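All residue numbers for the sequence shown refer to our numbering, where the first residue is -12 and numbers rise by one.
A short write-up of the structure that comes next.
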Amino acid sequence: CNKKGCGELEISEPLTRRILRVAEFSWLTCRPRQPPSRLEPHASPAAQPAQAMGAAVEEGAGTPVSGPVAVTACTAMALLYVGILYSPTALLRLPPPTTLNSFLIRRFVCAAVASVASMVACAALLGIRSLEAAPSILAIFGMRLDHLGSAVVFPTLLTSFLYTGSLVSKLLLLTHSGNGAGTCLRGELTSVARDVIDSINKLAANVLTWRNYVVAPFTEEVVFRACMIPLLLCGGFKTYNVIFFTPIFFSLAHLNHFLELYCQRDYSFVRAFMIVGLQLGYTVIFGWYASFLFIRTGNLICPIVAHIFCNMMGLPILSSLHAKALTRIAFVVGLLGFFLLLLPITRPGMYNKRVDNCRCWHRYCDWD
């Protein structure tokens, strides 16, 4: 696309070209916008999903996705993700679970069903009519194994800068307890190794760990990033609007926590509102970051690992009992480092197989 505004989708353009653009959003291949009739025999691995998508859509393109349809679909996905959690007892009339394990396992199944249903609905709205296009629709969802190391290491490193204050606070706490610097360092390394082993053991035996570090990050990122972002982009929304808009749906999925606190746990309205309000604010900020990672890299693993890391660390520590000023300085320095590295460490070329002179269609490459 040689037009100056090729990063913005036009609502009136054919659905085939929109699908190709979304496919290229995942692979960042910058192939020609006209859909090919067949796969080129010597096409690069990065280009083949976009070509397969074009061929699949050509066979049976449906009605183009409009902005209102995309927003309605995203709202329905968010409501489905929350509502299905209560369906076993409310709709299926199953007896309430008697143990925490059975309660969470039931919710795991519901979240998985909601994720699959959202993927199917997204594919249908994008006009996918052939099973042959399955690899291409997975590429649209960012489900790829290439550049796996980059997708795991770099987002984790980038996210860790937000927790510089937390890490410094922990080191200061160990130092304050005495034992000397060498002993403190050895104790910290031993503690980290022990925490890793304990986490592995908990992951295998504790359903809460499965919820926090496996089920919730994977299912939420599939629904709220992999499914919603392509729909909104095809609906004609600008990239920046999508980044700041999608966390609204992500926050809707956490409103049920207010009802649980207020109705089931007898929290006061103000207390439940404050707790959920803080949680919603945190999820909105994280949603901006996760959406940026997904659009910037085109790889779903990036927001997933960031989600897991944030769940492990909790809220960043801004102050501590010991050396409050140093902890705050460390937090500010880490925050500055995060913003300085945000673009360099998420360069699309680090996460994708790119062709010569590639310019990703959503114009994030122009920021490099």
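C-beta: ideal position from N, C-alpha, C; glycine also.
Everything numeric in this text was worked out from a predicted model, so none of it was measured.
Ignore the nearest five residues each way along the sequence and tell me which others in residue i's own chain have a CB closer than 8 Å to its CB.
i	result
Leu67	Ala101, Ala104, Ser105
Val320	Thr151
Answer yes or no: do residue i and residue j have a C-beta to C-beta separation smaller than 8 Å?
i	j	result
Phe211	Phe245	no
Gly274	Thr233	yes
Leu154	Ile332	no
Leu54	Gly222	Per the sequence shown, the amino acid found at residue 54 is Gly instead of Leu. Closer than 8 Å, so yes.
Ala259	Tyr249	yes
Met337	Phe90	no
Asp133	Lys340	yes
Ile282	Ile216	yes
Tyr150	Ile295	no
Asn298	Pro204	yes
Ala98	Val202	yes
Phe325	Phe148	yes
Thr196	Val292	no
Helix, strand or coil: how does DSSP classify residue i here?
i	result
Arg212	helix
Met40	For Met40, the predicted structure reports a pLDDT of 39, less than 50, and the residue's modelled location is therefore unreliable. A value from the coordinates is still provided. Of the three classes helix, strand and coil, the one that applies to Met40 here is helix, per DSSP.
Ile184	helix
Met130	coil
His294	helix
Pro84	coil
Ala48	With a pLDDT of 39 at Ala48, under the threshold of 50, the modelled position of that residue is not reliable, and the figure given next carries that caveat. Correct three-state label for Ala48: coil.
Leu125	helix
Ile262	helix
Pro303	coil
Lys311	helix
Tyr73	helix
Tyr68	helix
Tyr254	coil
Lys157	helix
Ser278	helix
Ile115	coil
Leu220	helix
Tyr338	coil
Leu78	coil
Gly54	helix
Gly268	helix
Gly285	coil
Leu26	Interpretation of Leu26 is limited by its pLDDT of 32, a score under 50 that renders its predicted location unreliable; no figure is taken from the coordinates.
Among residues of its own chain, excluding the 5 on either side of residue i, which ones have a beta-carbon nearer than 7 Å to its beta-carbon?
i	result
Ala60	Ala108, Leu112, Leu218
Leu135	Ile288
Leu360	Any property of residue 360 remains undetermined from this structure, which presents the chain solely from -12 to 355.
Ala57	Leu218, Leu219, Cys221, Gly222
Tyr254	Leu248
Using the rule of at least 16 other Cβ atoms within 10 Å of the residue's Cβ for burial, across every protein chain shown, is residue i buried or exposed?
i	result
Pro290	buried
Thr284	buried
Ile230	buried
Asn286	buried
Tyr227	exposed
Leu267	buried
Val256	In the sequence under discussion, the amino acid at residue 256 is Phe, which differs from the Val named in the question. Phe256 comes out exposed.
Arg131	buried
Glu247	exposed
Ala317	buried
Val96	exposed
Pro83	exposed
Thr86	exposed
Ala119	Note on residue identity: the sequence assigns Glu, not Ala, to residue 119. Under this definition Glu119 is an exposed residue.
Leu280	buried
Ala126	buried
Which residue comes first and which comes last in the alpha helix (DSSP H) that contains residue i?
i	result
Ala108	87 to 112
Pro331	Here Pro331 belongs to no alpha helix (DSSP H), and DSSP marks it neither H nor E.
Leu145	135 to 147
Ile235	226 to 239
Val201	Per DSSP, Val201 belongs to no alpha helix (DSSP H) and is neither H nor E.
Leu246	243 to 246
In chain order, what residues of the same chain lie with their CB nearer than 6 Å to the CB of residue i, ignoring the 5 residues before and after it?
i	result
Ile288	Ala138
Val69	Ala240, Asn243
Arg94	Leu72
Pro75	Leu81, Arg93
Ala65	Phe236, Leu239, Ala240
Val194	Asn88, Leu91
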